[in-house]
Amino acid sequence: MKLVRFGASGAEKPGLVDADGRIRDISSVVADLAGDGLSDDSISTLRALDPASLPLVPEGVRLGACVGRVGNFIAVGLNYADHAAESGMAVPSEPVLFNKAPSCVVGPDDTVLIPRGSEKTDWEVELAVVIGKRASYVSEAEALDYVAGFCVCNDVSERAYQIERGGQWMKGKGCPTFGPLGPWLVTRDEVDTSDLAMTLSVNGERVQNGSTSTMVFKVPFLIHYISQFLILEPGDVITTGTPPGVGMGMKPPRYLKPGDRMEVSIAGLGTQRQTVAAA
Ligand code: ZN
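Mind the numbering: the sequence shown is residues 2 to 280 in the numbering used here, read in order.
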């Protein structure tokens, strides 16, 4: 099942995508795709609906992030060996974790803003995990039971803020609009994360071309691992790292400028399309 949130920013309603690709309004059934709305019970209720009985949403409606009220927005760094190499960093022996500010979450096709003073705003296509159930000290074997679904994330990054300004990476990871999520939250029963093609294009030129098959630490291990350090709550998002092809790794490096257009895709999870503008 493909779930969406549609409507004006801050006032999104939940919807599902029917067999013909049209959005159906499910706001009479679930308040939001957030918190308890992401539970197994909630998703079972939605799955039992007859889409044809639900109101059609007009085409062309804005899509919001496919999950609401994101609490923790946790990212995994250097989780693809080739990307670590292009970044000039070693593959870590344990996952590198950092925070993206939840306030950076935006819709999949919303404008991405280059922060004031930025010269090194960069792109990263990533597979994101949306937590559906409170997770603390979970085993790797049971980890996927805690997942509501998966979506595309563009882990937009300001490299100077991330690397050259001291301290942790979060300065360069949580700037406004740096977290497009969606278009769809695809429920976990429909996603096998072992080998999903992932691509990112800038102005029509393919720059990232990878697969989740080359992830160093896989999704079940990441959930298990993170849950040893903190409690994951429904609506928390884990974005799991990017394959090679980011601007920082190009020779010479290449960064985003106003007017650029990004297209960000993962097989089965849909495509994001963002235009870049100055903040
Ligand atoms: Zn990343």
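Ideal placement from N, C-alpha and C gives every residue a C-beta, glycine not left out. Quantities reported herein were computed from a predicted structural model and do not represent experimental measurements.
{"Check": "Report the CB separation of P244 from Y81 in whole angstroms; it is logged as a contact under 8 Å.", "Outcome": "5 Å"}
{"Check": "Which residues share a DSSP beta bridge with G72?", "Outcome": "Its beta-bridge partners do not exist; DSSP assigns none."}
{"Check": "Enumerate in chain order the residues of its own chain whose CB-to-CB distance from R66 is below 7 Å, with the five nearest sequence positions on each side excluded.", "Outcome": "Reading the sequence as shown, one finds Ala at residue 66 and not Arg. Excluding sequence neighbours, A66 sits near R6, V106, V107, G108, L182 and G183."}
{"Check": "Between the C-alpha atoms of P116 and G250, what's the straight-line distance to the nearest angstrom?", "Outcome": "20 Å"}
{"Check": "Where in the region 97-162 do unbroken runs of the beta strand (DSSP E), each at least 3 residues long, occur, reported from the N-terminal end onward?", "Outcome": "97-100, 113-115, 126-132 and 148-155"}
{"Check": "Pick out the complete beta strand (DSSP E) segments inside the region 242-267, 3 residues or longer, and give them in chain order.", "Outcome": "262-267"}
{"Check": "Sorry if obvious, but does the Cβ on T1 come closer than 6 Å to a heavy atom of the ligand ZN?", "Outcome": "The shown model of the chain, from 2 to 280, leaves out residue 1, and the question about it has no answer."}
{"Check": "Using a 10 Å radius around the Cβ and a threshold of 16 neighbouring Cβ atoms, would you call Y138 buried or exposed?", "Outcome": "exposed"}
{"Check": "Using only CA atoms, which one of G248, I239, S202 and L201 lies nearest to K219?", "Outcome": "I239"}
{"Check": "Taking 6 Å as the cut-off, is the beta-carbon of E125 closer than that to any non-hydrogen atom of the ligand ZN?", "Outcome": "yes"}
{"Check": "Could you name each continuous alpha helix (DSSP H) segment of 4 residues or more that falls completely within the region 148-232, going from the start of the chain to the end?", "Outcome": "220-227"}
{"Check": "Output the distance between the C-alpha atoms of T188 and C152, rounded to the nearest integer angstrom.", "Outcome": "9 Å"}
{"Check": "Report the rounded CA-to-CA distance for A278 versus A142, giving the unit in angstroms.", "Outcome": "43 Å"}
{"Check": "Give me the Cα-Cα distance between A53 and G61, rounded to the nearest whole angstrom.", "Outcome": "19 Å"}
{"Check": "For S195, is the classification buried or exposed, using 16 other Cβ atoms within 10 angstroms of its Cβ as the cut-off for buried?", "Outcome": "exposed"}
{"Check": "Nearest-angstrom Cα distance between E87 and F179?", "Outcome": "21 Å"}
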